[in-house]
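Worksheet: one structure, shown below.
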Amino acid sequence: MVPEADFCPPLPLSYRLSPDQHFDLDPTLSCGQVFRWHRANGIWRGTIENKPVAVRQAGPLLTYTGCSEASLVRYFALDIDLENVLLTTGDDPYLAAAIRRHRGLRIVRQDPWECLVSYLCAQNTSIPHIQRMLHNLCARTGDEIRGPAGTAHSFPDAGAVASLPLEEKKACAFGYRAGYIHRTAEAVTMDPCWDERIREMDYEDARREIMQFPGVGPKVADCILLFGFEMYESFPVDVWVRAIVQTCYGVGSPAKTLTPKEYETIRRFGRRHFGRYAGYAQEYLFADRDHLVRLKRED
DNA sequence: GCCCAGGTGTGCT
DNA sequence: AGCACACATGGG
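Using the working numbering, the letters of the first sequence correspond one by one to residues 52 to 350.
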């Protein structure tokens with residue numbers, strides 16, 4: 052994707068994590084919360100605030116290029132006291148194991164529009180497919196952006212997505228989601244300050260509001276509020292989280308399709324059981340899904 | 001070929 | 001209100 056960058060340019064800027072500032076790039080960028088970062092030769096490449104960025108981690112030392120320190124700290128939420136956040140989620144053996152295996156995972160601060168489109172893509176498919184769709188969209192429609200970290204594609208704004216011909220959308224492999232993406236892009240073009248309005252609302256109101264976009268149901272809404280709006284009480288329920296909650300906590304039925312009523316049951320359980328940072332707990336459980344569903348098979 | 005994936009919208013009881 | 005089903009695409 053960024054071929055001329057493969058020769059490993061030096062990363063001149065550095066940021067040293069303090070001893071109690073737990074952070075690990077690998078689980079953070081590979082856990083499936085964000086879809087446009089890639090690692091090669093130990094260097095993660097992606098974009099922050101519409102600029103190409105490269106980051107590498109060696110223990111407490113982050114070296115990077117392409118953005119300011121303030122942008123780095125903000126994007127990776129290094130200002131959040133992760134230790135205290137995780138303390139509020141209670142002492143739960145399954146969550147504790149997940150935290151141990153994915154130590155340093157932080158929920159990054161995504162751009163709301165990119166997050167909205169990303170999770171429209173994310174319904175009923177796999178993470179590799181989501182990555183492919185978003186790469187295709189940006190390669191076709193995004194601007195080429197350059198900087199010290201090399202070149203990349205920007206994420207296209209709503210107007211650019213709305214005006215992308217249906218033929219080109221099909222070529223992005225959106226499948227049936229193309230219509231949702233098109234109509235949502237049109238709605239956002241008409242209402243460019245949607246994100247500022249959402250930011251003013253409490254979680255439940257924001258959720259109702261954001262579900263007005265076509266293709267945004269409970270799960271997609273919860274992901275957008277968690278990853279794009281820092282609403283950490285949000286507890287998205289996908290097939291994995293549903294299975295984990297069913298197996299580990301005995302909440303919900305093992306029925307085939309996840310009904311709205313059961314979604315509500317599991318979402319409420321998440322908030323009640325894990326507290327105001329339930330979304331953080333959810334993300335660790337999701338990251339640890341391979342291990343946690345193995346428990347189920349061994350029953 | 002089959003089943004499933006960070007689900008949602010629609011239509012039928 | 002609740003349930004079943006279609007929906008594009010790709011990986012196992």
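Cβ coordinates follow ideal geometry from the N, Cα and C atoms, glycine included. Computed from a predicted model, the values in this text were never measured in an experiment.
Through-space distance from residue 209 to residue 102, alpha-carbon basis: Roughly 18 angstroms between the two C-alpha positions.
If I measure Cβ to Cβ from residue 320 and keep anything under 6 angstroms in the same chain, skipping five residues before and after, which residues do I get? Annotation for residue 320: 302 place their beta carbon closer than 6 angstroms to its own, counting only its chain and skipping 5 residues before and after.
Looking at residue 107: is its Cβ nearer than 8 angstroms to the Cβ of residue 93? Cβ distance < 8 angstroms, so residue 107 and residue 93 count as in contact.
Can you determine whether any heavy atom of the ligand ATP sits closer than 7 angstroms to the C-beta of residue 346, and answer yes or no? Looking for the ligand ATP in the displayed structure turns up nothing, as the structure carries no ligands at all.
Looking only at C-alpha atoms, which of 156, 203, 236, 281 sits nearest to residue 334? The option with the nearest alpha carbon to residue 334 is 156.
So residue 150 is in the alpha helix (DSSP H); what residue range does that whole segment cover? Per DSSP, residue 150 belongs to the alpha helix (DSSP H) from 144 to 152.
What are the residues that DSSP puts in a beta bridge with residue 112? Answer by DSSP bridge pairing, in chain order: 67, 109.
Are at least three pairs of beta-carbons, each pair with one atom in the segment 144 to 155 and one in the segment 324 to 343, less than 8 angstroms apart? Flag = yes, the segment 144 to 155 and the segment 324 to 343 touch.
Among 340, 62, 342, whose alpha-carbon lies nearest the alpha-carbon of residue 198? With distances taken between CA atoms, residue 198 lies nearest to 62 out of 340, 62, 342.
Below 8 angstroms, how does it come out for the segment 164 to 177 and the segment 266 to 285: are there three or more Cβ pairs, yes or no? A contact is defined here as three or more CB-CB pairs under 8 angstroms, and the segment 164 to 177 meets this definition with respect to the segment 266 to 285.
Whose CA, out of 121, 112, 97, 254, lies closest to the CA of residue 67? The residue with the shortest Cα to Cα distance from residue 67 is 112.
Quick check on residue 271: does DSSP put it in helix, strand or coil? If DSSP states are grouped into helix, strand and coil, residue 271 belongs with the helices.
So what does residue 198 bridge to, in DSSP terms? Residue 198 pairs with 201.
Report the three-state DSSP secondary structure of residue 89 (helix, strand or coil). Secondary structure at residue 89: strand, using DSSP grouped into helix, strand and coil.
Could you check whether the segment 69 to 76 touches the segment 121 to 135, counting it as contact only if at least three pairs of C-beta atoms, one from each stretch, sit closer than 8 angstroms? Short answer: they touch.
Starting from residue 234, trace the alpha helix (DSSP H) in both directions and tell me its first and last residue. Secondary structure note for residue 234: its alpha helix (DSSP H) is the uninterrupted segment 228 to 241.
Can you grab the Cα-Cα spacing for the pair residue 88 / residue 82, in whole Å? Roughly 11 angstroms separates the two Cα atoms.
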